[in-house]
Structures are given as structure tokens and as C-alpha cells.
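**Student:** Once you've had a glance at the structure underneath, I'll fire off some questions.
Right, dumping it as C-alpha cells:
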């Protein structure tokens, strides 16, 4: 029986999604809970996420699948997992899916949000949940430039060097930035076919540079052209990034 | 020169306000910053808070004073402190005050807020910032009972055993509870002359019991009468409590 689960997590106290020896990871805590339900003496069940998230990055709707020979209703599985998981991870939804569903290979798109707190000082309650920018910034310049990211492009200037992926062509269906006046945060949203390593955080860093006039407003087409990460060296902090939704 | 500062902090990673050996406390991190500004080779400047907060309790407006022979503008002091403080503490305001101002002895009142998240599971992003109640609860019963707390009463049933204070008579000027539908939280507010050790958290625990029909709605006058903590044993978790404002 294949289970698809939708998971939210506060990434603050995790070394990221993927298993690493002697580190606390999302993969490990969820895998431990699933194997506890399976009651296998030897933990043998693997879980598959839609993709990794880095240390400190949050999820509002990460998707994971796993196979379990035990038959349980979706509701019972939801309760069983949440009772076993630590409080910084919550399963929001459980669905029994056909055996050919794959959380990673079947993704059609992903939606990310990035929250950038403005103002001189970091609000203590936001330090782990936003990026922070204390200098003047013009949201209009960001809104003008961000549409250049939409469409199919080679994102070679927007991928961190750790990436092993060869093909850097991705499609962004929707990219937007708005000022949330209540919280005094700029909220970026990116909906695309797929995202390269650190791609959202590099795009946000470029947009911040544009908004604060450290980079021309029409620089993004040039960055697509040059295909060179050295021309876009910034990476916005992990704390502001949320994996919001995965599409199948 | 006496400085009064208003401070916000995320209490999650602190063992409370008051200095304790080998623990990270609010008093220690602020005292360290002040002494760094004073450039004393031996840290000698004491800071005085309006009162303690427990481990995990937050502040939106804690007040502290200290004396410094160095003369600095309020703005410069604000920047100097915030540049030295860790990100979970923020100085919101600095005021130079007369030498007879005392952050603790001059308090006329305090306002606390308690946030109680409802719903079956704990939201990972709220676990350190709210209490949590997963059973049915009737806000109307709470709103009916909470007004019994207003006025001058002997709060002996509402004080934790660790307290060394003899006089348990306090006045609550205002006590309210409302349901915040956006966040699905009950927000309690208490404005009073002063509060005993754990008093707000014990009052909230009693109100939760009333709202979930584990205690009669008219039980608070009886608790004032009996003056017995054993009749009100609950203490709502620290994570939901915020010291909101101190009045002088």
C-alpha cells in the first residue's frame, strides 16, 4: 500500500531534508516514525520526498511517499504519524495512492514563498522565519524586474556550485512580489516546473540588489545570457524560504 | 545617567530572565551588552528588570533600567545595544530617565497576553509561541467566567508554591478572552496591578478547564474563597505567555 503524505515543518532545528550521519534531518525523523508504525525489528522502509530542502528552510506542503504492507485508513495513519513525530513536523494530510505514484518523479511543479522582513532591526520572533533587509528598498523596481524571471530560461546564473544537475533550463510560470504592510515584509512567490539548487534564494538575492539599486532593473535578461553564477553571487538566507506546494 | 530600555525577546532559548549559573538568561545577555558599552575591564554594571519571566516566556515590552557614566544619545544607545545583542533579543526603545526611576519598584501595572492555539495538532511554527488545546472548548463560558477575575482579590489559589511573597492580594483591572479566527487561537489579556509567580498561567489553566466543562463556570469566586492552590493545580505552558507592557 502506497501512502502519500503532505507535511509542514519548521526547518530551524534541522540540518535539512536529506539524511546525513549524526545530524537531525526531516528524512530521519519521518522515516523513524514510519518504521515504528511498520513495527519492523530492522528499519527497512524508505521514504521519498518531492525534493530536498536545505538546513533552515521550511515547508508548508512538502510531499513524501512510502510503502507499507500494513493497511491503515488515511485518518488513522495521520494520527499515528503525528503522535510519533516531534512538534516541529506535522503531517497535514494522508492519501492512499496508486503504486505508480512517485513523490519525486511525478512532480509537475512547485511553489515557493520567500519572506523578507524590512526595518532596521531583526524582530526576535521572526529571526528564524524571514530573511532580513535593513536598507532602503523599492518594491516597484522588484515588481518590474521579477516578471523577467517568468517563462522558460537557462538558469545557469542562478544555480549554486554544489549542484550536479547538468540541464539548467527551467520554466517559471508565475513570479510575484508584494509588500505585506501588516508585517512589513516583502513576500515573493515563485511557481515553476522545477528549481535548481539554491535557485530561489539566488533569485531573491538578485531581486534585493535590484530593489536597492545595487543592480540595474533590467539585469535579469543579461544574467540569463551570460550563464555565469559569478555575476549573481548572493544567496538570501534559508530562514525566509518556504516550500509551499508541490503539484502532480 | 540612568537609561530605561524597552525590550522584546523570544524566550524559547532562554532559561528565563534572572541570572543563573551556567544558563543562558535574558539578564546575562543584556548585562553583557551594557558592560561592553561601558568598556569596564571588570563587568560592574547591574541591570534591573520590571520583574522576572520564566523559561520559555516571551516579552513584547519588558522594561529594564541601568546606570552608565558614559553619556550617549538615546538613538546611539539603541543601536549600540542592538548591535551587541543576540537576534532573539531586541531593544525597541531607549529613554534617558531621572535617577529616581526604578524599573521594578515604580511599576504601576503590567499587561500580559496568553495565546492558546486550538485544533487537533500543534502547528510546527507555533509550538514555541502558543499553548495548545486539542479538545472542544466553549469561548463563551471562558468569557463569562473571566470577568470574575477582575477587581481586587486574594489570589492565593493562583500562586505557584515557589513564591516567597506573603501578600497575595492583587487587582486585575481588565481580563478578556477573544477568539482570533484567522489563527484559530484564543487570546487572553490580563491587565493588573501586579502578578504573582505563575499567576497568569494558573488563571489560564483554570479558564481552559471552565471552557472545556471540567470545572463549573462560577468556580472562580469559590477559588478566591478557599485560598488553596491544590484546588487549581494546572499551569498553562510557558510558550503561550507574553509580557506585553509595563506601566509606570
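Protein chains in written order, with UniProt numbering: chain A, 1 to 248; chain B, 1 to 248.
Heads up, the beta-carbon is just placed ideally off N, CA and C, and yes, glycines get one too.
Roughly how many whole angstroms lie between the Cα atoms of residue 87/B and residue 167/A?
**Tutor:** Rounded to the nearest angstrom, the two C-alpha atoms are 39 Å apart.
**Student:** Measure the alpha-carbon distance for residue 84/A versus residue 18/A and round it to whole angstroms.
**Tutor:** Residue 84/A and residue 18/A: Cα-Cα distance of roughly 19 Å.
**Student:** For the alpha helix (DSSP H) holding residue 2/A, just list the boundary residues, first then last.
**Tutor:** Unbroken run through residue 2/A is the beta strand (DSSP E), 2-9; no alpha helix (DSSP H).
**Student:** Given that residue 121/A touches chain B, what residues does it touch there, using C-beta distances under 7 Å?
**Tutor:** By Cβ distance, chain B contributes 82 and 90.
**Student:** If you reduce the DSSP assignment to three classes, tell me which class residue 291/B lands in.
**Tutor:** As displayed, chain B neither begins before 1 nor continues past 248, which places residue 291/B out of reach and without an answer.
**Student:** On the criterion of 16 or more Cβ atoms from any shown chain inside 10 Å, does residue 112/B qualify as buried, or is it exposed?
**Tutor:** Residue 112/B comes out buried.
**Student:** Taking the alpha helix (DSSP H) that residue 69/A falls in, what are its first and last residues?
**Tutor:** Segment: none, residue 69/A is in no alpha helix (DSSP H) and carries neither H nor E.
**Student:** DSSP three-state call for residue 245/A: helix, strand or coil?
**Tutor:** It is a strand residue.
**Student:** Of the choices 122/B, 233/B, 94/B and 197/B, whose alpha-carbon is the least far from that of residue 1/B?
**Tutor:** For residue 1/B, the nearest C-alpha among the options comes from 94/B.
**Student:** Comparing C-alpha positions only, which one of 133/B, 144/B and 174/B sits nearest to residue 185/B?
**Tutor:** With distances taken between Cα atoms, residue 185/B lies closest to 133/B.
**Student:** When the Cα atoms are used, what is the spatial distance from residue 20/B to residue 14/B?
**Tutor:** Distance between the alpha carbons of residue 20/B and residue 14/B: 11 Å.
**Student:** Run the proximity test for residue 181/B: is its beta-carbon closer than 7 Å to any non-hydrogen atom belonging to the ligand NAP?
**Tutor:** Of ligands this structure carries none, so the ligand NAP is not represented either.
**Student:** Please list the terminal residues of the continuous beta strand (DSSP E) segment that includes residue 190/A.
**Tutor:** Its beta strand (DSSP E) spans residues 185-192.
**Student:** Quick check: the region 187-205 of chain B against the region 155-163 of chain B, are there 3 or more CB pairs under 8 Å?
**Tutor:** Yes, the region 187-205 of chain B is in contact with the region 155-163 of chain B.
**Student:** In the region 7-24 of chain B, which residues sit with their C-beta less than 8 Å from some C-beta in chain A, listed in chain order?
**Tutor:** Within the region 7-24 of chain B, the residues whose Cβ lies closer than 8 Å to some Cβ of chain A are 8, 9 and 10, listed in chain order.
**Student:** Can you say whether residue 181/B is buried or exposed, counting buried as having 16 or more other CB atoms within 10 angstroms of its CB?
**Tutor:** Residue 181/B is exposed by the Cβ-count criterion.
**Student:** Determine the contact status of residue 210/A and residue 142/A, defining contact as a CB-CB distance below 8 Å.
**Tutor:** In contact: residue 210/A and residue 142/A (Cβ atoms closer than 8 Å).
**Student:** Under 8 Å between beta-carbons, which chain A residues line up against residue 125/B? List them in chain order, please.
**Tutor:** Chain A residues near residue 125/B: 8, 10, 58 and 129.
**Student:** Less than 8 Å between the CB atoms is what I'm expecting for residue 103/B and residue 60/B, so what's the real figure, rounded?
**Tutor:** Not confirmed; about 16 Å, so no contact.
**Student:** Considering only their Cβ atoms, is the gap separating residue 170/A from residue 193/A smaller than 8 Å?
**Tutor:** Yes; because the gap between Cβ atoms is below 8 Å, this pair is in contact.
**Student:** Spell out the partners DSSP gives residue 90/B in its beta bridges.
**Tutor:** BP columns for residue 90/B point to 8/B.
**Student:** Compare the C-beta of residue 241/B with all C-beta atoms of chain A and state if any pair is closer than 8 Å.
**Tutor:** False, the Cβ-Cβ gap to chain A never drops below 8 Å.
**Student:** Cα-Cα, which of 176/B, 131/B and 151/B is closest to residue 139/B?
**Tutor:** Comparing Cα-Cα distances from residue 139/B to each of 176/B, 131/B and 151/B, the minimum goes to 176/B.
**Student:** Can you tell which of 154/A, 124/A and 229/A has its C-alpha closest to the C-alpha of residue 242/B?
**Tutor:** The shortest Cα separation from residue 242/B among 154/A, 124/A and 229/A belongs to 124/A.
**Student:** Measure the Cβ-Cβ separation of residue 223/A and residue 204/A and say whether it is below 8 Å.
**Tutor:** Cβ atoms of residue 223/A and residue 204/A: not closer than 8 Å.
**Student:** Quick one, are the C-beta atoms of residue 108/B and residue 248/B less than 8 Å apart?
**Tutor:** A contact, by the Cβ cut-off of 8 Å.
**Student:** At which residues does the alpha helix (DSSP H) containing residue 84/B begin and terminate?
**Tutor:** Residues 74-84.
**Student:** In terms of alpha-carbon separation, which member of 144/A, 38/A, 135/A and 54/A lies closest to residue 24/A?
**Tutor:** Comparing Cα-Cα distances from residue 24/A to each of 144/A, 38/A, 135/A and 54/A, the minimum goes to 54/A.
**Student:** Give a yes or no on whether 8 Å exceeds the smallest Cβ distance from residue 87/A to chain B.
**Tutor:** Chain B, which has a Cβ nearer than 8 Å to the Cβ of residue 87/A, makes this yes.
**Student:** How long is the line joining the alpha carbons of residue 154/A and residue 208/B, rounded to whole angstroms?
**Tutor:** Whole-angstrom Cα-Cα distance: 56 Å.
**Student:** Can you give the Cα-Cα distance for residue 245/B and residue 178/B, rounded to whole angstroms?
**Tutor:** Roughly 19 Å between the two C-alpha positions.
**Student:** Nearest by alpha-carbon distance to residue 148/B: which of 52/B, 230/B, 51/B and 216/B is it?
**Tutor:** Comparing Cα positions, the closest option is 216/B.
**Student:** Note down, one range per segment and in chain order, each beta strand (DSSP E) of at least 3 residues found wholly within the region 25-70 of chain A.
**Tutor:** Counting whole runs of 3 or more residues, the region 25-70 of chain A contains the beta strand (DSSP E) stretches 58-67.
**Student:** I need the boundaries of the alpha helix (DSSP H) containing residue 209/A, first residue and last residue.
**Tutor:** Residues 199-211.
**Student:** Can a CB atom of chain D be found closer than 8 Å to the CB of residue 101/B?
**Tutor:** In summary, chain D is missing from the structure at hand, where the protein chains are A and B.
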